[in-house]
Amino acid sequence: MFEEAQYFAPVTADDDGSLKVHLGADHPGFADPDYRARRDALATLANNWTPGTPAPYADYTADEHEVWRVVSEALVTKHRSYACREFLDGKESLALPIDHIPQLAEVSEWLAPLTGFRYQPAAGLVPLREFYGSLADKAFWSTQYVRHHSVPLYTPEPDVLHEVVGHGNTLANPRFTALYELAGQASRRVRSADALEFVSKVFWFTLEFGVLWEQSELKAYGAGILSSPGEIEAFRGMTIRPLDIGEMGSMTYDITDYQNVLYVADSFSQLEDVVGTFWAECTDDSIAALMERHPAHT
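Anchor point for the sequence shown: position 93 equals 1196 in our numbering, and the numbering is continuous, going up by one each time.
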């Protein structure tokens, strides 16, 4: 997606067809040559994938499986306390392993009878329209790499933990996937770059960092919150604003830190009514009118 894509390290191709991932100097894995070689190999693996076939097998290392285990175990009790009912229902249905990283092809097989969604491997940044357009076809682009083992509870970019623990559990629930599909359809309907960015920002503040009221408790449903052991503990202390399409689509924010402004739905049903209806009906003209009434702000 648009803002999430800013996290991705640039990827370039060598003459032999292999890819190189360019990590920033502040990335936890920057000074680790083994990690950098691993990132290059996984990016090349994804790049060689043939559309229409299962995601390629990634031979994960013991260190990578251990990172998955540490984060997954840390999230077990946090999800029970902070995740909304729909996410927990999806998590129960999908039953992801805690002790090892599942293959994207495996997760796709598990999702098939639940919602029909499947994973496609991404080497790095996927063009905005391609990323969103795939959602309309029940396909989700996912990275296969794992955050650096030195800081398992932190990642400066969306890794396989974010894509599968965060998004996978939502992709297992049909109420969620109906919203993903509507976002994908909206991205294909709009034509201007501004309208597409607006659609992506609404996605960011909902399916990535959305919160809602459930039996008088503030719960999270956004994959960005629910895949972060730190952010899931912090979101209730952020500035909470009512659900507002115009404001969300015009909001600017810092993607390198916890989101300090969140938008709350009164219920999952309100999320479906407000955000689902927006994605189902939005056009370039309707978005332009919203942008005119809501200048870009922080």
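C-beta atoms are modelled at their ideal positions from N, C-alpha and C, and glycine is treated no differently.
Everything numeric in this text was worked out from a predicted model, so none of it was measured.
Roughly how far, in whole angstroms, is the beta-carbon of residue i from the beta-carbon of residue j, given that I think they are within contact range, below 8 Å?
| i | j | result |
| --- | --- | --- |
| residue 1167 | residue 1204 | 6 Å |
| residue 1225 | residue 1149 | 6 Å |
| residue 1366 | residue 1313 | 7 Å |
| residue 1234 | residue 1305 | Not confirmed; about 15 Å, so no contact. |
| residue 1377 | residue 1343 | Not really, about 16 Å apart at Cβ, beyond 8 Å. |
| residue 1301 | residue 1352 | 4 Å |
Per DSSP, residue i forms a beta bridge with which residues?
| i | result |
| --- | --- |
| residue 1223 | 1244 |
| residue 1159 | DSSP, once it has assigned bridges, lists no residue as partnering residue 1159. |
| residue 1390 | Residue 1390 pairs with nothing; no bridge assigned. |
| residue 1400 | 1354 |
| residue 1316 | 1321 |
| residue 1114 | 1124 |
| residue 1343 | 1365 |
| residue 1186 | 1323 |
Would you kindly check if the distance between the Cβ of residue j and the Cβ of residue i is under 7 Å?
| i | j | result |
| --- | --- | --- |
| residue 1361 | residue 1337 | yes |
| residue 1236 | residue 1287 | yes |
| residue 1283 | residue 1238 | yes |
| residue 1210 | residue 1267 | yes |
| residue 1116 | residue 1122 | yes |
| residue 1295 | residue 1192 | no |
| residue 1285 | residue 1383 | yes |
| residue 1174 | residue 1261 | no |
May I ask you to report which of helix, strand or coil DSSP gives residue i?
| i | result |
| --- | --- |
| residue 1283 | helix |
| residue 1165 | helix |
| residue 1106 | Residue placement at residue 1106 is flagged as unreliable, the pLDDT there being 39, under the threshold of 50; a coordinate-derived value is accordingly withheld. |
| residue 1235 | helix |
| residue 1120 | coil |
Can you give me the Cβ contacts of residue i inside the same chain, cut-off strictly under 8 Å, excluding the 5 residues immediately before and after it?
| i | result |
| --- | --- |
| residue 1194 | 1182, 1186, 1272, 1275 |
| residue 1257 | 1131, 1250, 1333 |
| residue 1154 | 1223 |
| residue 1370 | 1315, 1316, 1317 |
| residue 1126 | 1112, 1132, 1133, 1139, 1142 |
Starting from the C-beta of residue i, find all residues in its chain whose C-beta is less than 6 Å away, skip the five residues before and the five after it, and write them out in chain order.
| i | result |
| --- | --- |
| residue 1242 | 1221, 1223 |
| residue 1158 | 1207, 1208, 1222, 1224 |
| residue 1105 | Per-residue confidence for residue 1105 stands at a pLDDT of 33, beneath the threshold of 50, marking its modelled position as unreliable; the derived number appears in the next sentence. Correct list, in chain order: 1231, 1300, 1303. |
| residue 1196 | 1217, 1275 |
| residue 1385 | 1289 |
| residue 1368 | 1315, 1346, 1374 |
Quick one: residues in its chain with C-beta nearer than 7 Å to the C-beta of residue i, no 5 flanking neighbours on either side, listed in chain order?
| i | result |
| --- | --- |
| residue 1212 | none |
Verify the CB distance criterion: does residue i have a CB-CB separation below 7 Å to chain D?
| i | result |
| --- | --- |
| residue 1169 | No chain D is part of this structure, which consists of one protein chain only. |
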